[in-house]
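Reading through the structure tokens given below for one structure.
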Amino acid sequence: MATCCLSEEDRAAVRRSREIDRNLQAEKRQYRAEIKILLLGAGESGKSTFLKQMRIIHGEDFDDDARLTFRPTIYLNVMKGAKTLVRAMRTLSIQIQDDSNEEFCDILGNYKSSILEPQDFMQYVEPLKALWNDGGIQNAFSRRNEFQLGDSVSFFLDKLDEIGRPEYVPTREHVLHSRKATTGIVDYRIDVKGVPFRFVDVGGQRQHRQKWFQCFDEVTAILFLCASSAYDQVLVEDRVTNRLVESRNIFETIVNNRCFSNVSIILFFNKYDLLCKKILEKDITQCIEGAKFEGDPHILKDVEKFLTQMFDSVRTDRHQELYRHFTTATDTNNIKFVFKAVRDTILHRHIDGIMG
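Residue numbers for the sequence shown follow my numbering, beginning at -1 and rising by one.
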């Protein structure tokens, strides 16, 4: 449109309109280029830990101030975990080995899940050490699949000398093992070699899954995390459903959803380090009802094959390849290696989608 006959006010309006159009086009190009990855999976599958790794590997590592913000969470993980062990010991009718530790059981029993400062936590350190070394507590710990206990509890109880110091600053490893349930939607953006990646982490427990649908628009890829070591555990929510079966059922719903027919779905069998230890003691075929297992349930390669087939069998579209990896989300080197392969897979499919 010619602007020579327009008033100065109209010409300014035209300039503003063109500027808005240019900005909209730029935003459209940016949105199209952005890789949106949805992190899905049942509760305690390791989604938030994976997101911490993305920050460490590709974004800003946790400095001292950032790591200090995790200290209250770590104190809480220790105290709640130890209190759970004491309660479980009594529920399972396991006797305390050292009678003098009975007093410490009562001390922990009176803890009300409050936020602790270092000087507050220090008064619990010696009771915690004594209880963690008690045969009764260790007996209860060996039966932890019979109650709800966080995977990181033993990690932190083994490090009480370090955590119990007044000047304690959590290490990167401690940050990765700290556990705080995701209740909302966490949106994190990073730049990976010039490509903008957007990770969306949504709470995995049943009451939070209705929020997943709010995040389904313009998804490039889904990383579905499954706690592979949880085959002998039940859900926190109903204390009946096997955790691995629940993960498989959620995966079935996601992988067969028409909304994701053109979306890369990558399956992470997470907590591989725990799986490697657990199969030596616990027979997976005794924990999964109707399991069609071939081989030896105490040999890792046979267990990996079983898990892969268990999840692969629920897919209705057999034309698409199932991308899967066995991961340990607390291991930075492992996640760095795996994510490089995942990134290449996602980018190739994304480029093919744009060109197509």
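Backbone N, C-alpha and C fix where the C-beta goes; we use that ideal spot for every residue, glycine too. Since the model is a prediction, treat every value here as computed from it, not as a measurement.
What are the boundary residues of the alpha helix (DSSP H) that residue i is part of?
i	result
V173	R170 to H175
P194	Unbroken run through P194 is the beta strand (DSSP E), V193 to V200; no alpha helix (DSSP H).
L221	Run containing L221: none in the alpha helix (DSSP H); it sits in the beta strand (DSSP E), A219 to A225.
I105	E100 to G107
Among the options, which residue has its Cα nearest to the Cα of residue i?
i	options	result
H56	M77, K338, T343 and A40	K338
S111	V76, F267 and F68	V76
L67	R177, F249 and T181	According to the sequence displayed, residue 67 carries Thr and not Leu. Of the listed residues, the one whose Cα sits closest to T67 is R177.
L264	S152, R313 and N240	Note on identity: in this sequence residue 264 is Ile, with Leu being the wrong assignment. Residue R313 is the option with its Cα nearest to I264.
L74	D118, A86 and D96	D118
A31	G192, V232, Q121 and T169	G192
P194	F154, R341 and I282	R341
I297	K280, S98 and D310	K280
G134	M120, P116 and S98	S98
I183	C285, V200, D189 and E235	V200
D132	D96, E42 and E319	D96
L309	S46, I252 and R88	Inspection of the sequence shows that residue 309 is occupied by Phe rather than by Leu. Answer by Cα proximity: I252.
I344	Q121, T218 and F60	T218
V370	T71, R88, L114 and M120	This structure gives no information on residue 370, because the portion of the chain shown stretches from -1 to 354.
K34	F153, T239, D185 and Q307	D185
A179	Y270, L278, G39 and R13	G39
L129	L114, M87, V190 and K299	M87
M120	D159, V243, F154 and T181	D159
D300	L278, L320 and G288	L278
V355	K269, E6, R13 and L305	This structure gives no information on residue 355, because the portion of the chain shown stretches from -1 to 354.
I113	Y270, E6, Y321 and K78	K78
S311	R16, C274, N247 and Y270	N247
So residue i is in the beta strand (DSSP E); what residue range does that whole segment cover?
i	result
F266	S262 to N268
K34	I33 to L38
R313	Unbroken run through R313: none, as it is neither H nor E.
Y321	Y321 to F324
Contact defined as beta carbons within less than 8 Å: I believe residue i pairs with residue j. What is the distance between those atoms, to the nearest angstrom?
i	j	result
S259	R347	12 Å between Cβ atoms; not a contact.
K81	Y109	6 Å
H323	V336	5 Å
V84	L106	5 Å
C103	I94	7 Å
P295	I286	With 8 Å as the limit, P295 and I286 do not qualify as a contact, their Cβ atoms being about 10 Å apart.
I161	F153	About 10 Å separates the two Cβ atoms, so there is no contact after all.
Does the Cβ-Cβ distance between residue i and residue j come in under 9 Å?
i	j	result
I333	Q51	yes
N137	D230	no
D62	V173	no
S245	K276	no
D156	L272	no
F267	A327	no
F249	F291	no
T325	I54	no
L37	I220	yes
G41	E302	no
L49	F139	no
S46	C224	no
N254	D215	no
R170	R69	no
P116	E165	yes
L90	R163	no
If you scan the region 129 to 187 from start to end, which runs of the alpha helix (DSSP H) of 4 or more residues do you find wholly inside it?
133 to 140, 151 to 155, 158 to 161 and 170 to 175
Taking the runs of the alpha helix (DSSP H) that are 4 residues or longer, which of them lie wholly in the region 45 to 86?
Correct list: 45 to 56 and 62 to 66.
Which residue spans inside the region 231 to 297 form an unbroken beta strand (DSSP E) run of at least 3?
262 to 268
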